[in-house]
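The structure under discussion appears below in the form of structure tokens.
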Amino acid sequence: MLIPYSSIACLATLVAGTVANFDRTSSDVVIRQTPNSQSPLQKNVTWDSQSLSINGERMMIFSGEFHPFRLPSPSLWLDVFQKVKALGFNTVSFYVDWALLEGKPGEFRAEGVFALEPFFEAATQAGIYLIARPGPYINAEVSGGGFPGWLQRLNVTLRSYNTSYLEATDNYVSHVAGSIAKAQITNGGPVILYQPENEYSGACCGALFPDPNYMQYVEDQARKAGVIVPFINNDAWQGGHNAPGTGLGQVDIYGFDNYPLGFDCGNPYTWPGSNGMAEDFYSTHLRLSPNTPLSLDEAYLLTPKKFQGGAFDPWGGSGFAGCASLLGPEFERVIYGGMNWGNLGHPGGYSSYDYGAAISESRNVTREKYSELKLLGNFLKVSSSYLTASPESASSGIYTDTTDLTTIPVVSSTTAYFVVRHNNYTNQSSISYKLKLPTSTGNLTIPQTGGFLSLNGRDSKIHVIDYDVGGTNLLYSTAEIFTWKNFTSGKVLVLYGGPGEHHELAISSTSTTSVLEGLARTETMGQTTIVSWDVSSTRQIVLIGDMKILLLDRNSAYNYWAPECPTEGISPGLSSQETTASSIIVKADYLVRTAYLQGDNLHLTADFNATSTIEVIGVPKGARNLFVNSRKVLFKVDKHGFWVAEIPYVPPKIELMDFKALDWKYIDTLPELSPTYDDSAWRDANFLHSTNTFQPLNTSTSLFGSDYGFNTGYLLFRGHFTAEGTETDFFIETQGGTAFGSSVWLNNTYLGSFAGNSIDENSNQTYTLPPLERGKHYTTTVVIDQTGLMENWVIGLDDMKDPRGIISYQLFGRDDTAITWKVTGNLGGEDYVDKVRGPLNEGGLYCERQGFHQPQPPSDSWEASSPFEGISKPGIAFYSARFDLDIPDVWDIPLYFQFGNKTSPPPKYRAMLFVNGYQFGKYINHIGPQTLFHVPQGILNYQGTNWIAVTIWAQQASGAKLDDFQLIKETPVMSALTGIKSVEQPWYSARMGAY
Ligand SMILES: *[C@@H]1O[C@H](CO)[C@@H](O)[C@H](O)[C@H]1NC(C)=O
Ligand SMILES: *[C@@H]1O[C@H](CO)[C@@H](O)[C@H](O)[C@H]1NC(C)=O
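Laid out in structure tokens, this is it:
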């Protein structure tokens, strides 16, 4: 079982008994209970059964997930954080991948693109709290679940209380937890929670589980390194593992994950049906961990239908477009995926880690789910009564006039939230209904002024009663709340409904009322003012007393933003429920990042993908001038006092070069096939034993890559023997993980390939040998493309040790010892050469060992030939070329490398893409599904020279070439974020001892 990724949210819960009788008045204020401090180590982060509190203030932790190592361009990290912040979220949780930081046992390196400090700084600048999840075990769809390949050699059960495993983790944890400790909130940093281990939830094969000593050790490691913020865990389901009260190994705040929609991106419109999940989770939670907030550490729970941030998609899968539909705005979540560059992924995934997430791998925010999430995030941010509310039993027919709908009241001492959904949440039909709600003025049937509400298709609604809008009581609203503010110029409440819907609200006030825009109807009824309207794509505005109510349709609401607007400094500061008081409302089409007031200048930072009108609603007192992205902008003040300005969008003409026109250079990167090739510098594969506990050795010497320190990328083996002339066939079992492939030659005669498929992680092949000459020396060359190490999810199985290499072989007519083997992977193995790009980026091909994939290879003497010409026989070709980009600084123009062949059946070949030395894609033409490879700015130099390299491994007799290989661009975004720096890109220089 592979459970990945996603987000945390501590759903505010309160065991408040029954609050069936709403006997409240609108003057009640939200009662903020003092949280019980249950953590003895610090006071900044506390919690009780209802919620977390930060510095004494209750907060809903609304978190995205973002893995810095999947976006190795640190100056873009702020971009992602700001896009998360703009959702109304306050937190990001992140993994750290041990395999990338300790490629050699004992040598911890976290520099350059791997450094964590810039990540912490960017989070602080954006005003985002962090949840640290550094493992040592993380899963995370990374190779080995984050375990470095050298753990394959440990002859003990991993993730167990066993000294040699625990000692192996000590160096990594002391360093990584040490850096995290420095960035804790107690030191003024953004880190508020720490998760040791991940999904410590299942075991087999006789492993002791759960082992309290093991979890305690992992926790003690972090404490020893100085981590004092509370520990959370992420049980893979509500198994109660390590929940508070379970003794040794318990965490402070119990959490679990859930992916209710599963991972079938091929059938995006089919939802697995299961109702009552939220209710079941909550009652189970009360049993397992009654004193901590309900916490979903991956995916999140909010309404009965809303969680899960994305889904992974395997080799040969249906592609992330399907995932984006499966987890679309109807049912969505979090946040930023990224790329599995440089061999960091596990065998179950390809180079993209887009995940169908709200923020795409190229960081655009055009997916509707981003906007949908923003509506929800901003609503909760301004709804502090939600933090002390508790869910009650789901029912049908009590709060609505139909038994076709289910309602869950979520009730606080003042406000109640009624979540209405179809009984069966997969239901796509439309249902008309009336609400029957117990408001502070008595039980009301709503709409009171005629008409019906409707729930159209896969939707759910959050209807509120007695909701405080800065001192004005919203008696009820059938439309959903986006945000509200209490400006010095008056209050603003922004509501939205779906297309074609009818809505009604009531305000406990009989102040003067007028309809400023649109056709909304108002009337007074007793002590209340009622507004009713039909949702329209044209905005409607009603004024009641000092409160302007904006009535929008959902699509228009997508264009509203509520950035915090500090007057000191330009950073919004760390999120707080309270800072919403100082935020403003801005309408702008694509993205509003930040707002701040400097003297009488109101600054906005915003991105645009089309010419748009921006409106500032609730201009801060004292503001006279408007600046957008540091440029002064002329504006008009409309009749409502909103500032209105036009922002022109004139994208630059960017002509991306035709790759066919580049000056390509070519070398054969399988010189091993040459009769004169000398492999004396290769490692002898002569170990008679392997310490690998997953796979017993059934060859005379070990042919497992990791036994010799080769843990990543392509592996090559050379087998030498002197023929007797009796040999007939060669049997070989190679293994490299799902979608792996292998090819075998005898001298320079091609014996054949296992081209791979979306299922097999190993393969048996028998090749017929040509007649061999007695007494003559022969060499077999075996190339294996491995797709990463297994994730080691099940404790005791230790499947990350599942070896990559040759599992068995037989030279028919000879015994096993006739062949002596040599092996290579990346140059240096665990003494990897490229400290900048890290231990996983390079594999064992000649071009990689030499470093030719880097900028400026010594290609003057190479043949001129391009990947469009390719090679006409089985083999592996290497191509390198340079090109320049000249993209103006303010333009964020995501680029993709597109691969593809139109011929059917698809030619069998594998390609690797290197950009400025970073491996940014493994393309398998006959497996797919990925054809587009995003490479971020920073890896690509947007103002300057770039070097690309492509390998083509033809796994069929006729050779292979690229039909399609081009650079394509997304819609240019005029971005507020400028000054993106290129990362370090060491150029080629001759490598000592390279072979
Ligand atoms: C942490 O708590 C201390 C003591 O209450 C407080 O002085 C400090 O400002 C808090 N730190 C942060 C980053 O809020
Ligand atoms: C692991 O160690 C045990 C105990 O020393 C030994 O019996 C066993 O053979 C070893 N297994 C491997 C695969 O090396």
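In terms of mature numbering (1 follows the signal peptide of the UniProt record, and there is no 0), the sequence shown is residues -20 to -1, 1 to 975. All residues carry an ideal CB built from backbone N, CA and C; glycine is no exception.
Contact test: residue i Cβ vs ligand 1 heavy atom, cutoff 8 Å
i	result
residue 425	no
residue 71	no
residue 168	yes
residue 323	no
residue 111	no
residue 41	no
residue 162	no
residue 165	yes
Residue i beta carbon near ligand 2 (any heavy atom closer than 8 Å)
i	result
residue 670	yes
residue 673	yes
residue 678	no
residue 142	no
residue 135	yes
For residue j and residue i, the rounded distance between their alpha carbons
i	j	result
residue 760	residue 802	10 Å
residue 951	residue 630	12 Å
residue 589	residue 628	10 Å
residue 790	residue 189	40 Å
residue 357	residue 418	26 Å
residue 959	residue 58	12 Å
residue 157	residue 577	37 Å
residue 105	residue 858	43 Å
residue 786	residue 724	12 Å
residue 776	residue 160	29 Å
residue 703	residue 799	10 Å
residue 423	residue 468	34 Å
residue 309	residue 406	Caution applies to residue 309, whose pLDDT of 29 falls short of 50 and renders its modelled position unreliable; the value that the coordinates give is listed next. Going from the Cα of residue 309 to the Cα of residue 406 covers about 14 Å.
residue 862	residue 944	18 Å
residue 456	residue 375	20 Å
Extent of the continuous alpha helix (DSSP H) run through residue i
i	result
residue 159	143 to 162
residue 781	Note, residue 781: premise wrong, no alpha helix (DSSP H); not H, not E.
residue 536	534 to 537
residue 931	Careful: residue 931 lies outside any alpha helix (DSSP H), inside the beta strand (DSSP E) at 923 to 934.
residue 193	192 to 204
residue 101	97 to 106
residue 976	Only positions -20 to 975 of the chain appear in this structure, which leaves residue 976 out of reach.
Close-in-space but distant-in-sequence residues of the same chain around residue i (CB under 6 Å, 5 per side omitted)
i	result
residue 271	29
residue 570	587, 588, 589
residue 250	Confidence at residue 250 is low in this model, with a pLDDT of 45, below 50, so its placement is unreliable and the value that follows should be read with caution. Closer than 6 Å at the Cβ level, and outside the excluded window around residue 250, lies no residue.
residue 11	Caution is warranted here: a pLDDT of 26 is assigned to residue 11, below 50, making its placement in the model unreliable, and the coordinate value is therefore given only provisionally. Answer for residue 11: 393, listed in chain order.
residue 968	831, 834, 836, 837
residue 124	79, 769, 780
Endpoints, the beta strand (DSSP E) within which residue i is located
i	result
residue 352	From DSSP, residue 352 is part of no beta strand (DSSP E) but of the alpha helix (DSSP H) over 348 to 361.
residue 941	It is not in any beta strand (DSSP E) - residue 941 carries neither H nor E in the DSSP assignment.
residue 81	First-last for residue 81: 78 to 81, but that is the alpha helix (DSSP H), not the beta strand (DSSP E).
residue 914	912 to 915
residue 858	855 to 866
residue 744	742 to 748
For residue i, the three-state DSSP class (helix, strand or coil)
i	result
residue 37	strand
residue 436	strand
residue 512	strand
residue 641	helix
residue 764	strand
residue 59	helix
residue 626	strand
residue 581	strand
residue 133	helix
residue 212	strand
residue 343	coil
residue 796	helix
residue 42	strand
Same chain only: Cβ atoms within 7 Å of residue i, ignoring 5 sequence neighbours per side
i	result
residue 964	92, 816
Ligand 4 heavy atom lying under 8 Å from the CB of residue i
i	result
residue 388	Absence of ligand 4 is noted for the structure shown, with ligand 1 and ligand 2 being the only ligands found.
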